[in-house]
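Q: Under this note's numbering, the sequence shown has 85 at position 85, and the numbering climbs by one with no breaks.
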Amino acid sequence: MPKPLPVVRLRVPTEEDAFAWHKIFDDPDVMEFHGGAAAELSVYEELTARQRRHDAERGFCLWTMLNGDGEVIGFTGAQPWPHEEFGPVGEIEVGWRLGRAYWGRGYVTAAANTTLERVRAAGVGRVVAMVNSRNARSVAVTRRLGMELVETYISPSKQEAYCFRIDL
1 MPKPLPVVRL RVPTEEDAFA WHKIFDDPDV MEFHGGAAAE LSVYEELTAR
51 QRRHDAERGF CLWTMLNGDG EVIGFTGAQP WPHEEFGPVG EIEVGWRLGR
101 AYWGRGYVTA AANTTLERVR AAGVGRVVAM VNSRNARSVA VTRRLGMELV
151 ETYISPSKQE AYCFRIDL
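See the structure below:
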């Protein structure tokens with residue numbers, strides 16, 4: 001019997017969440033598949049602002065993930081695939097990033113399930129997840145969500161990326 005998923009809440013990112021994201025993602029393990037190092041605070045400030053716009057315009061975004069105690073633990077959500085040079089151009093991508101202290105507890109699976117429900121309610125018919133082929137944890141999450149591997153891409157940085165898809 002699978003263990004129950006933890007309590008997780010999602011909210012539209014606030015300006016303060018940029019600081020929280022910057023702090024919890026300042027970890028080489030967390031950033032291993034995202035360039036290896038944390039981005040500057042200004043990147044998270046722009047990202048949270050963009051997500052507020054996405055939510056207002058589309059009804060979905062990369063939401064801030066909160067645990068049962070109300071602590072910011074990461075983000076999950078959906079947004080249009082951001083690259084024109086490779087990948088599933090024109091698709092809506094679901095994604096997640098979690099602070100290292102919260103790995104292995106089911107937070108991403110719980111939050112990603114909520115993401116799929118919210119994106120479906122916003123009228124999206126299918127989504128993709130792009131995952132570095134070496135990222136076994138995220139590959140496992142896509143499987144738990146019922147996503148299927150549909151394509152493999154080579155990123156501009158020469159990394160192999162799997163494209164998983166699910167019809168909503």
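Backbone N, C-alpha and C fix where the C-beta goes; we use that ideal spot for every residue, glycine too. Fair warning: this is a prediction, and the values are worked out from it, not measured in the lab.
Could you check if Q51 is buried or exposed, using at least 16 other CB atoms within 10 Å of its CB as the buried criterion?
A: So Q51 counts as buried.
Q: Does DSSP put L116 in a helix, a strand or coil?
A: In the structure shown, L116 sits in a helix (DSSP, three-state: H, G or I).
Q: Is D17 helix, strand or coil when you go by DSSP?
A: The answer is helix: DSSP assigns D17 an H, G or I state.
Q: Using the three-state DSSP reduction, which class does R143 fall into: helix, strand or coil?
A: R143: helix per DSSP, three-state reduction.
Q: Under 7 Å between the Cβ atoms of T76 and T115?
A: A contact, by the Cβ cut-off of 7 Å.
Q: Measuring CB to CB, does Y107 end up less than 7 Å from V131?
A: No, Cβ-Cβ distance for Y107 and V131 is not below 7 Å.
Q: Kindly indicate the opening and closing residues of the alpha helix (DSSP H) around Q51.
A: Here the alpha helix (DSSP H) through Q51 covers 41 to 58.
Q: Taking the DSSP output, what are the residues bridged to P80?
A: Bridge partners of P80: I92.
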